[in-house]
Ligand SMILES: [Zn+2]
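In our numbering, the protein residues as written are 227 to 712.
If you want it as structure tokens, here you go:
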């Protein structure tokens, strides 16, 4: 049995980054790989990605997009076709220069994103308005040569989905961009229990080559923001670069209007940093590979058989109810050790069954989202399954509410620039700062350089009287959310 202290994680309040790494490693979500900047997804980490991916895939398909797969390699010349795009991605591109022992005539880029190769194909496939809209989604890996990496959040290779669509009109493409933004928002809020700030990006934070970028932003447990997904309105920029033209109903040749959108394995980092605590991971039941763990507790050998039999019965009833349940009947480990182990792995609900529970025909529930006596309850063993279902629903809600309370507490409105600067001082996060900003890049740059906070999102539908820019004092009609970010 491992030493207890060795299994303790660095307290979150003491060193958030060390705490994060401890959780990733000790909950066995991922491991460092021999290749710098790349990580290995271990089965427990990959299982979270799979449940997240499966649900998001269903939701994306409901919008009419279909899955396809495009090559990992992209001719280098493709990247140069859209000026802003190449400028944005050139610093982090990896290229293959040799193959089969020979130098290639044209280096191949390892995709940092697939706009260029997909749009090249769109140019071949789209001829008439009848070919539109064309909506494809791809689940794949991408490579961005990162200098500073952090597990799940910033790695040289990561997994994601990237949607790419082409439409006949600007309005339709803009509608698609916002449809997906709303889809991402409801997915992350409902399924991952992570509250969000939603809005459009400033010009400086836009995707290279996009007319408009929209984002969902979460607030992590250290007060830093994490971009959890983006949806881009590309206008006709790529259609012109890649000759994506169609004949409209009047037989006129038109350029298509496009969008692209994506979320990545960063979301695993968000789950950890929003929900985790000093005992380890706390998983929303929706993504937990094991939703309920049953720990039989028999202190004397003669009790073991009846306790295990009762535990097995409860396990079967939960399984029949469609709950992902696991019976921890490992020998030679104390109940306390098992509790800690499953708490570290973030299992949302634990069922304890001891000899007295068997005698009373009951089970004890312990919720991962609460602490102390509030976490515990009992139910008749015969009602364990329906009770567990109710509790799992409550746990998801409670994780969301806890995260929402944190985000609200860490969202502040500032009237003066010195107040904003003071809030962002120091190494920690600083939360979301909601401030009037005139929209000028100069003011945005000054905030970034002096406070390290960047414009995360400009929320929609702002209903407040106009104010004055927190930096220059000029009139400003909109509030923007600034934060230090990952
Ligand atoms: Zn200003």
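For every residue, glycine included, the Cβ atom is placed at its ideal position computed from N, Cα and C.
Distance cut-off 7 Å: residue i Cβ against heavy atoms of ligand 1
| i | result |
| --- | --- |
| residue 661 | no |
| residue 675 | no |
| residue 703 | no |
| residue 697 | yes |
| residue 664 | yes |
| residue 700 | yes |
| residue 681 | no |
| residue 454 | no |
| residue 669 | yes |
Contact belief for residue i with residue j at Cβ below 8 Å, rounded distance in angstroms
| i | j | result |
| --- | --- | --- |
| residue 694 | residue 662 | 6 Å |
| residue 511 | residue 621 | 6 Å |
| residue 461 | residue 410 | Contact doesn't hold; Cβ gap of about 20 Å is too wide. |
| residue 726 | residue 334 | Because the chain here runs from 227 to 712, residue 726 falls outside it and cannot be looked at. |
| residue 575 | residue 614 | 6 Å |
| residue 579 | residue 520 | 7 Å |
| residue 702 | residue 664 | 5 Å |
| residue 640 | residue 696 | 6 Å |
| residue 473 | residue 355 | 7 Å |
| residue 290 | residue 361 | 6 Å |
| residue 589 | residue 540 | 6 Å |
| residue 382 | residue 459 | Between residue 459 and residue 382 the Cβ distance is about 28 Å, and since that is not below 8 Å, they are no contact. |
| residue 677 | residue 650 | 4 Å |
For residue i, the three-state DSSP class (helix, strand or coil)
| i | result |
| --- | --- |
| residue 698 | coil |
| residue 595 | coil |
| residue 343 | helix |
| residue 668 | helix |
| residue 292 | strand |
| residue 361 | strand |
| residue 532 | helix |
| residue 317 | helix |
| residue 658 | strand |
| residue 392 | strand |
| residue 271 | helix |
| residue 641 | coil |
| residue 692 | coil |
| residue 378 | coil |
| residue 501 | helix |
| residue 368 | strand |
| residue 334 | strand |
| residue 324 | strand |
| residue 244 | helix |
| residue 329 | strand |
| residue 383 | strand |
| residue 648 | helix |
| residue 287 | helix |
| residue 674 | helix |
| residue 261 | coil |
| residue 581 | helix |
| residue 711 | strand |
| residue 686 | coil |
| residue 300 | strand |
| residue 705 | strand |
| residue 680 | strand |
| residue 589 | strand |
| residue 277 | helix |
| residue 399 | helix |
| residue 253 | coil |
| residue 312 | helix |
| residue 227 | Because residue 227 carries a pLDDT of 45, less than 50, the predicted location of this residue cannot be relied on, and no value is offered for it. |
| residue 239 | coil |
message: Between the region 393 to 401 and the region 266 to 278, can you find at least three pairs of beta-carbon atoms closer than 8 Å?
response: Contact between the region 266 to 278 and the region 393 to 401 is absent, because fewer than three Cβ pairs lie under 8 Å.
- prompt: How about the region 498 to 516 and the region 247 to 256: do they share at least three Cβ pairs that are nearer than 8 Å?
  reply: Touching, yes, given that three or more Cβ pairs across the two stretches are closer than 8 Å.
task: Inspect the CB distances between the region 278 to 292 and the region 329 to 349 and report whether three or more fall short of 8 Å.
output: Per the Cβ contact rule, the region 278 to 292 is not in contact with the region 329 to 349 (fewer than 3 Cβ pairs under 8 Å).
field: Inside the region 604 to 636 only - beta strand (DSSP E) runs reaching at least 3 residues
entry: Within the region 604 to 636, no complete beta strand (DSSP E) run reaches 3 residues.
query: Do the region 457 to 472 and the region 690 to 709 make contact, defined as three or more Cβ pairs closer than 8 Å?
result: Contact check between the region 457 to 472 and the region 690 to 709: fewer than three CB pairs, one atom from each, fall below 8 Å, which does not count as touching.
- prompt: Counting pairs of Cβ atoms below 8 Å between the region 542 to 551 and the region 591 to 602, do you hit three or more?
  reply: No contact exists between the region 542 to 551 and the region 591 to 602.
Length-filtered (3 minimum) beta strand (DSSP E) runs lying within the region 515 to 578: For the region 515 to 578, whole beta strand (DSSP E) runs of length 3 or above, ordered along the chain, are 518 to 522, 551 to 553.
- request: Report yes or no: do three or more beta-carbon pairs, one from the region 515 to 534 and one from the region 441 to 448, lie closer than 8 Å?
  value: The region 515 to 534, when compared against the region 441 to 448, does not touch it at the 8 Å Cβ threshold.
In chain order, each alpha helix (DSSP H) run of at least 4 residues that lies wholly inside the region 405 to 492: With a minimum length of 4 residues, the continuous alpha helix (DSSP H) runs that stay inside the region 405 to 492 are 463 to 467.
- prompt: Does the pairing of the region 337 to 353 with the region 285 to 305 give three or more beta-carbon distances under 8 Å?
  reply: Using a C-beta cut-off of 8 Å, the region 337 to 353 makes contact with the region 285 to 305, since at least three inter-stretch Cβ pairs fall below that distance.
- prompt: Can you find at least 3 beta carbon pairs, one from the region 477 to 490 and one from the region 319 to 328, that sit closer than 8 Å?
  reply: Verdict: no, contact absent.
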